[in-house]
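Chains A, B, C and D are the protein sequences, given in the same order. So the mapping is simple: the numbering used here equals the position in the first sequence, first residue as 1, plus 5. So the mapping is simple: the numbering used here equals the position in the second sequence, first residue as 1, plus 5. So the mapping is simple: the numbering used here equals the position in the third sequence, first residue as 1, plus 5. So the mapping is simple: the numbering used here equals the position in the fourth sequence, first residue as 1, plus 5. Glycine included, every Cβ here is placed at the ideal spot set by N, Cα and C. Let me begin by presenting the structure, written as structure tokens, before commenting on it.
There are 4 protein chains.
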Amino acid sequence: MSKKSSYLQTTIEPFVVEPGLTGDEILSRMERISFQGRNLASAYRVWQRMIADDVMIFLGVAGALSAGGLRLILAHLITNRYVDCVVSTGANLYHDLHETRGRRHFIGSHRLDDRDLQSHHIDRVYDTLVDEDEFIENDNWIAAFAATLESRPYTSREFLYHLGGKLWEDTGQDGILTAAFRANVPIFCPAIADSSIGMGLSQARMTDPAKGHVDVIGDIAESANIVIRHRRTASVVLGGGTPKNFINQASVQADFYSPGISGHQYALQIVTDVPHFGGASGASLDEAQSWGKLAADADHVGVQADATLALPLLASALASSAPDAKKTRRAPEFALSERAMSLDGRRFPDSGYDTSHRS
Amino acid sequence: MSKKSSYLQTTIEPFVVEPGLTGDEILSRMERISFQGRNLASAYRVWQRMIADDVMIFLGVAGALSAGGLRLILAHLITNRYVDCVVSTGANLYHDLHETRGRRHFIGSHRLDDRDLQSHHIDRVYDTLVDEDEFIENDNWIAAFAATLESRPYTSREFLYHLGGKLWEDTGQDGILTAAFRANVPIFCPAIADSSIGMGLSQARMTDPAKGHVDVIGDIAESANIVIRHRRTASVVLGGGTPKNFINQASVQADFYSPGISGHQYALQIVTDVPHFGGASGASLDEAQSWGKLAADADHVGVQADATLALPLLASALASSAPDAKKTRRAPEFALSERAMSLDGRRFPDSGYDTSHRS
Amino acid sequence: MSKKSSYLQTTIEPFVVEPGLTGDEILSRMERISFQGRNLASAYRVWQRMIADDVMIFLGVAGALSAGGLRLILAHLITNRYVDCVVSTGANLYHDLHETRGRRHFIGSHRLDDRDLQSHHIDRVYDTLVDEDEFIENDNWIAAFAATLESRPYTSREFLYHLGGKLWEDTGQDGILTAAFRANVPIFCPAIADSSIGMGLSQARMTDPAKGHVDVIGDIAESANIVIRHRRTASVVLGGGTPKNFINQASVQADFYSPGISGHQYALQIVTDVPHFGGASGASLDEAQSWGKLAADADHVGVQADATLALPLLASALASSAPDAKKTRRAPEFALSERAMSLDGRRFPDSGYDTSHRS
Amino acid sequence: MSKKSSYLQTTIEPFVVEPGLTGDEILSRMERISFQGRNLASAYRVWQRMIADDVMIFLGVAGALSAGGLRLILAHLITNRYVDCVVSTGANLYHDLHETRGRRHFIGSHRLDDRDLQSHHIDRVYDTLVDEDEFIENDNWIAAFAATLESRPYTSREFLYHLGGKLWEDTGQDGILTAAFRANVPIFCPAIADSSIGMGLSQARMTDPAKGHVDVIGDIAESANIVIRHRRTASVVLGGGTPKNFINQASVQADFYSPGISGHQYALQIVTDVPHFGGASGASLDEAQSWGKLAADADHVGVQADATLALPLLASALASSAPDAKKTRRAPEFALSERAMSLDGRRFPDSGYDTSHRS
């Protein structure tokens with residue numbers, strides 16, 4: 006075969022429309038088109054292969070996905086174990102808590118008068134609105150809850166597990182925090198200080214200075230220990246931000262204490278940021294390979310798209326083609342109620358890194 | 006009701022995943038989420054209302070949609086009369102002709118070595134490849150066809166109708182040009198000089214200087230006459246570019262010769278360009294209202310998305326919910342084989358604008 | 006030297022701030038920073054090398070640059086022969102004509118009420134406003150001018166030369182069209198049918214159907230003949246669009262009739278579109294190499310930036326470092342008043358391509 | 006004056022090129038053009054007004070600005086007190102530390118083979134490279150330094166002050182951390198857990214579990230106390246991310262404990278993210294007004310641009326027009342060496358919020 010023929014092997018297959026196509030069928034017909042449509046179809050295949058393989062799947066969540074109506078998709082991914090460990094911004098967890106507690110977000114427009122909104126205590130997230138007075142009440146609720154915890158630092162993972170438990174106890178409602186609590190899926194929030202959850206925690210100190218301490222440096226070790234223990238990992242990133250890097254950092258840090266891990270085996274990201282301004286959110290997954298965040302032979306694809314557009318289709322398709330993930334996968338089992346978590350029945354070290362695997 | 010309550014009326018409804026959801030069901034569940042997901046669901050509703058109403062629907066097509074695997078969706082939209090009149094870039098028609106003639110595009114990657122591709126006569130469109138030698142043969146075919154036409158200027162609309170006819174006669178294959186020919190749907194290509202079709206036409210002059218003349222100024226009048234005649238119009242724009250403005254210009258120009266038309270009644274656009282750099286491709290549909298391109302009360306929505314991601318879902322949903330558009334719509338009827346086209350049985354003026362409606 | 010050392014050779018040099026730095030000094034200090042800042046500094050160097058070399062420099066202009074306050078920069082580039090041949094959208098020429106005729110654009114905001122603007126006949130271009138009634142008067146002026154021309158098709162290049170002449174005669178004001186007229190710099194407008202200039206031309210036909218004919222296919226041959234004659238060419242593209250591809254197409258078409266030309270020797274582009282959606286405006290210059298639009302060894306750089314931000318700095322720097330371009334360059338000399346233009350004293354063929362160079 | 010005339014008052018003034026223009030002159034001539042060029046010129050004026058007024062100026066820094074060659078501009082802004090308090094991502098501080106310690110970043114390309122880079126321990130940041138082995142040595146250095154601190158949690162602000170001091174003592178080199186140390190400008194790093202500085206801190210625990218604790222919740226209270234004490238504040242945000250929200254959150258949290266503060270008086274942001282995907286990085290400053298992050302009458306402007314392109318010009322201009330900011334401003338004075346910082350001679354509470362201003 007000539008070099009030219011080797012370039013021109015796989016034809017583009019135009020998408021053929023038919024009535025009644027399911028999400029799974031639509032994505033399947035997008036596999037041999039081009040650009041971001043093809044990338045989304047590839048992401049679907051990569052995720053299916055993650056589920057079929059024996060890997061620990063991290064999910065990173067940034068951007069206003071909870072406010073934007075995707076929180077029950079995220080809960081569904083957790084409950085059905087399409088993912089095993091969540092890393093989130095504080096805002097997504099806070100807006101989730103807001104709705105789990107029975108409050109709502111509202112449809113607005115990006116063209117409203119923001120000064121008038123301010124005067125009515127309404128906060129705007131692009132085309133979505135929320136009642137700020139209810140937010141203040143949430144903050145108080147979080148502060149009160151934090152004051153009931155022990156007078157010691159909690160990793161964000163431990164704190165969020167208990168927060169999910171309290172929410173489940175109080176409301177019995179589905180959401181990200183409650184689904185993770187019930188499924189024993191850990192949630193990390195490395196930038197918790199940059200969120201209303203952090204604000205609530207800081208307010209707990211007005212009652213008792215020993216309350217509301219979060220050990221985010223402990224989260225670094227714990228997340229790396231997950232990789233050290235499970236070794237074969239995958240990454241699903243929605244929106245970039247601190248979760249994207251935190252998931253990658255776990256992999257790099259794990260390799261430092263347990264050489265040979267060398268990056269995630271699978272990775273997909275759905276981001277709106279672009280690579281050419283140099284920021285980490287928009288960085289390509291190829292770039293991540295240079296850092297060893299991804300394995301040199303990782304199965305990976307990036308999609309340039311708004312998650313509100315891509316995730317409903319992707320999650321609906323997964324529900325069709327992999328409905329029994331929870332049963333068929335050999336998903337890792339976590340125990341999260343203690344200061345030191347456990348994975349598959351083995352407790353983590355009380356502090357720092359698990360060096361038992363160091364060669 | 007207080008002012009605050011009036012802002013906070015319609016709740017965001019989180020998307021609920023289920024197995025087996027169709028495209029129509031997925032979009033329906035996206036109606037009350039946020040951001041571009043909601044906008045795509047709104048675009049679906051706007052298009053359904055266009056179809057249900059008695060309006061002439063323009064479709065604008067820019068970006069590498071044909072090379073990228075969407076040409077049979079566009080053919081489907083034409084054949085089933087989800088649209089009535091197409092305005093396209095030359096490239097989309099050329100890449101359509103390429104495939105209708107039996108050649109193909111190929112799956113590549115944006116990270117290939119372009120100098121090596123050049124040496125093998127392979128052209129790259131981001132992640133998609135094509136054989137340049139086949140393109141040269143297309144150009145010759147277009148030049149030869151153009152040389153068979155009369156020695157007079159043709160509007161792009163008239164030329165493309167005959168080109169579609171020739172393709173249908175030669176190949177019997179479905180595609181944009183052949184579907185439009187068979188459905189008597191006009192195609193305008195205002196920037197035909199900026200395309201390989203234009204290059205083929207220019208080569209016809211090497212045979213005969215009187216061949217290969219395109220009367221693009223005539224296209225302006227003809228497109229405006231369509232609006233003057235039909236008056237109630239709608240616009241579906243994929244990708245911005247010259248088609249977007251040409252469709253809007255038709256509306257503005259029509260109002261000049263037949264005051265009271267005042268812009269499209271419906272409009273949706275799916276573009277990747279953003280408004281804040283001032284370019285026409287990214288301009289919001291609100292901005293179009295200031296120009297009178299859209300009616301002040303137009304039913305409209307813009308979606309910021311790659312068409313390869315949004316259109317397969319949107320067209321699949323339309324096929325489910327409006328399968329009989331062709332039968333149920335009162336679609337305008339065109340006759341396109343002559344120098345002066347006809348609409349609903351009435352011939353257009355031989356030159357310039359139809360002023361019979363001038364008040 | 007180890008492979009690793011060969012990667013890590015040229016250090017990033019942090020930008021050092023000082024009072025009083027000129028544009029030239031600022032760009033010089035940006036040469037060894039990163040991302041789009043470095044790219045702009047590289048673009049400055051590429052442009053300087055174009056000017057120092059014996060190449061024909063094309064300038065492509067898309068986006069609302071004239072409305073946006075850059076038209077006198079473009080006139081400056083033409084007058085001082087930092088460029089030799091312009092390809093523009095119609096809108097940029099129309100908005101230039103508007104101001105040359107003494108009308109103005111106005112500062113507005115993207116948050117104004119577009120329906121209210123419509124009711125006052127004010128058109129909005131993002132944050133910029135214009136009086137639509139004055140636009141209608143421009144259209145009439147163009148129609149009247151077109152009616153004074155001969156009853157035959159004009160290439161856009163020939164038409165725009167005479168339009169520039171008329172404007173200069175009437176107003177004596179500097180602008181893109183008048184500067185090009187005075188400097189004998191050709192302007193092509195391949196998508197003239199998608200603009201208010203085209204609308205004015207179409208209105209001329211209401212007076213006389215033989216008026217207002219533009220031979221855009223002739224433009225294709227003429228632009229390629231420029232490349233066939235001069236052979237060594239460069240491309241400066243602002244904003245993508247039809248000008249970008251038209252300039253590249255000239256190069257490809259020239260190679261067809263005069264093999265061995267093989268693409269521009271230099272290229273820089275300043276665009277806001279991104280490559281990953283597949284559209285031509287955002288396509289990288291590397292991709293252009295696969296097509297032979299750029300030479301395999303072309304000196305090239307792309308900048309992802311809004312021209313309103315990048316061009317004032319870039320043009321100011323060029324004015325400092327290359328103030329005598331007009332004198333020191335061996336710029337090509339055009340004669341543009343006839344149907345067939347001349348380059349460096351030699352007339353082009355009356356129709357089609359110059360095949361005298363064909364090997 | 007008619008309504009129409011009131012819209013059309015201030016004319017666009019085309020930019021006029023001249024040789025030798027300084028950065029200040031270039032920006033001044035961009036004030037009445039359009040789009041992002043105008044916005045950058047407006048940002049320049051807003052920053053000048055911040056400096057002239059008696060406000061506390063926050064600077065937020067996200068994106069790879071240090072790796073990308075802007076760290077000495079940031080140091081310059083700190084040293085000359087164009088800003089008073091910095092909020093940064095960990096990466097910007099880490100890359101700053103890397104260079105302050107005498108290591109370098111290198112010029113690369115976004116098209117390099119990342120798997121080959123991985124095999125050579127070279128990390129890529131778009132078009133910029135760095136030696137990963139040197140990074141590992143930095144991590145060890147940070148771990149060793151952290152082990153010398155007291156066995157108690159430090160706010161990121163306190164920790165970074167001491168880190169800057171250590172760097173200054175060791176190297177005597179200019180940089181962000183050392184400039185802030187010397188100028189007594191606080192730096193907060195709310196997402197320190199998502200960075201190599203955090204990784205270094207976590208490694209300190211391998212020596213002693215009581216080391217490497219960062220009290221990020223304490224940072225929330227401290228940053229709000231700055232606003233409570235100074236009340237009139239301003240925000241300069243480069244790149245969005247956690248710093249953008251953290252600065253805004255300080256304002257909202259301050260208002261909670263000291264009602265009447267109601268948001269920053271001035272704000273400018275230079276970001277590449279866009280608003281329409283709903284993420285906080287791209288959110289408009291208007292949107293921030295709905296939340297009370299900005300005052301309803303705040304003097305504000307957002308620029309959509311890469312900081313590597315915008316900041317060199319902006320900082321150069323400021324250096325020309327406001328060279329004596331340090332002398333002429335009434336800049337707040339901080340004392341940062343203690344667990345509880347002081348502002349203008351008054352110590353902050355040991356824990357939680359300053360409620361002495363509560364009405």
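Report the rounded CA-to-CA distance for residue i versus residue j, giving the unit in angstroms.
i	j	result
residue 12/C	residue 115/D	13 Å
residue 156/B	residue 218/B	8 Å
residue 95/D	residue 206/B	59 Å
residue 3/A	residue 85/A	There is simply no residue 3/A to check, as chain A begins at 6 and stops at 364 in what is shown.
residue 167/C	residue 160/C	11 Å
residue 38/A	residue 293/C	21 Å
residue 222/D	residue 144/D	24 Å
residue 364/A	residue 194/A	The predicted position of residue 364/A is uncertain, since its pLDDT is 48 and thus under 50; no value can be drawn from it.
residue 298/C	residue 226/A	52 Å
residue 150/B	residue 158/B	14 Å
Using only CA atoms, which one of the options lies nearest to residue i?
i	options	result
residue 320/C	117/C, 243/C, 215/C, 220/C	243/C
residue 330/C	37/C, 30/C, 59/C, 258/C	59/C
residue 138/B	185/B, 110/B, 150/B	110/B
residue 71/A	261/A, 34/A, 100/A	100/A
residue 339/C	234/C, 240/C, 252/C, 93/C	234/C
residue 55/A	354/A, 332/A, 348/A, 270/A	270/A
residue 172/B	198/B, 141/B, 102/B, 259/B	102/B
residue 348/C	66/C, 332/C, 236/C, 257/C	236/C
residue 337/D	191/D, 150/D, 316/D	191/D
Output yes or no for whether 8 Å exceeds the beta carbon distance between residue i and residue j.
i	j	result
residue 283/B	residue 49/C	no
residue 181/A	residue 98/A	yes
residue 176/A	residue 112/B	no
residue 325/B	residue 25/A	yes
residue 229/D	residue 267/D	no
residue 129/D	residue 117/D	yes
residue 198/D	residue 224/A	yes
residue 254/D	residue 204/A	yes
residue 322/B	residue 28/B	yes
residue 66/D	residue 185/D	no
Can a CB atom of chain G be found closer than 8 Å to the CB of residue i?
i	result
residue 51/C	The chain labelled as chain G is not found among the protein chains of the depicted structure, namely A, B, C and D.
Considering only residues of the segment 166–208 of chain C, which uninterrupted alpha helix (DSSP H) runs meet the minimum length of 4 residues and lie entirely inside it, listed in chain order?
181–188
task: Report the residue ranges of all alpha helix (DSSP H) runs contained in full by the segment 42–75 of chain A; include only those spanning at least 4 residues, in chain order.
output: none
Exercise for the section: Tell me the start and end of each unbroken alpha helix (DSSP H) in the segment 225–296 of chain B that is at least 4 residues and wholly inside, in chain order. Expected result: 246–262, 290–295
Checklist line | Touch test, the segment 33–50 of chain A against the segment 343–355 of chain A, Cβ-Cβ under 8 Å, three pairs minimum | finding: no
Contact between the segment 139–154 of chain C and the segment 307–315 of chain B is defined here as three or more beta-carbon pairs at a separation below 8 Å; is this criterion met? no
Is the number of C-beta pairs between the segment 350–363 of chain B and the segment 287–298 of chain D that are closer than 8 Å three or more? no
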